[in-house]
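Engineer: Letter by letter, the sequence shown follows residues 1 to 301 of UniProt numbering.
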Amino acid sequence: PGGAAGPLHEAALLQAAALGCHQARLPPPSSALLPAVLTVLGSVCSSPHSCPPQRRLMLRLKEVVDKQRDEIRAQAHEIVCKSRDTEALQEQLNRFMSMNEDLRHKVAVVQAQLKSALEKKSDLEAVVLQTQREMSRRTRTDPPHQGPGKSPAHCCFSKEELQQILQERNELKTNLFLVQEELAYYQRELLNEERIPSFFLDAMKSTIKKQRRKIRAKMLGTAEEPASWDAAASPGRLLSPTPLICSPGSFGLWYQGSSGDPPAPSCAGAWEIVDSLETHPEQEGERRPAAGSPDTAPPPL
């Protein structure tokens, strides 16, 4: 036992030193047990021969101290983890608070816009109501003058009336064009003062009649009328030969643009002036000097 007492005393001293170092970190129950442990260790060290019961007690106290130290470490680790969780929750709470503030600001802006929209709506309703009252008052004071048996829904033209108006307008444009051609011919004849044989004049008259029927049919988009149309339309008009006719290709363009203003007599862009020599080659010998003269163009009215 004397040889074993030396190591036992050293172990007891080391244990006492360790307990002294961990005294500040021990919980209150363990700190209360520390004086008793030191007393036991002192008695063990003072006695030359330590008995087995005291040794067992010392080992038991050592186990209790180790167990409490492990519990303290576990609790410290748990406290650190909870502090980290608390910090994360605090950051999330701050983020939620900032989002809530932004949402409150947006709600305030939307409420202001809604309020202004409601005010504008009320103003517009008031204006509309006032306008309706004014219109009703004017209707009562000044009733509309309508014909018998006609309602305001029938104050416009019907489709048949519009078609008739367009047909009359096309006829007027056609007659105007024919009159302009005839007037241009008379002007050229007055300037040229040429002598034309009677048989040649009759042939020219028949040719002019045919050309006028073709012009009228193409400009109005209808079938060509019989030869008695000119006599019935203008019984007292003196028909004279005219060397100017419109080419067939130009009637479609004029008829498509007939909704606008009628072309001017002196405008050569809308009509293609064709010499009658192209339609009657047998008259080329007689009409060539007249076509080449500078007075063929109609003078301005």
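Note that beta-carbon positions come from the ideal geometry of N, C-alpha and C, so glycine has one too.
Measuring only the C-alpha atoms, how far is Lys205 from Cys156?
Structural biologist: Each residue's alpha carbon lies about 45 Å from the other.
Engineer: By how many angstroms is the C-alpha of Glu181 removed from the C-alpha of Ile208?
Structural biologist: Approximately 11 Å, taken between the alpha carbons.
Engineer: Helix, strand or coil for Phe177? Go by DSSP, reduced to three states.
Structural biologist: Here Phe177 sits in helix by DSSP.
Engineer: Pick helix, strand or coil for Ala117, following the three-state DSSP scheme.
Structural biologist: In this structure, Ala117 counts as helix in the three-state DSSP scheme.
Engineer: Are the beta-carbon atoms of Arg212 and Leu178 separated by less than 9 Å?
Structural biologist: Yes. Within cutoff.
Engineer: How many angstroms separate the CA atom of Pro53 from the CA atom of Lys62?
Structural biologist: Going from the Cα of Pro53 to the Cα of Lys62 covers about 14 Å.
Engineer: Does DSSP put Ser158 in a helix, in a strand, or in coil?
Structural biologist: Ser158 falls in the coil class under three-state DSSP.
Engineer: If you check the beta carbons only, do Leu118 and Asn170 fall under 9 Å apart?
Structural biologist: Taking 9 Å as the Cβ cut-off, Leu118 and Asn170 do not qualify as a contacting pair.
Engineer: Suppose you measure from the CA of Asp102 to the CA of Gln111; what does that come to, to the nearest Å?
Structural biologist: Each residue's Cα considered, the two are about 14 Å apart.
Engineer: Could you tell me the alpha carbon to alpha carbon distance between Ala108 and Asn94, rounded to whole angstroms?
Structural biologist: Answer to the nearest angstrom: the Cα atoms are 21 Å apart.
Engineer: Here's a check: name, in chain order, each residue in its chain whose Cβ is nearer than 6 Å to the Cβ of Leu183, leaving out the five neighbours to either side.
Structural biologist: So the list is empty, once near-sequence residues are dropped.
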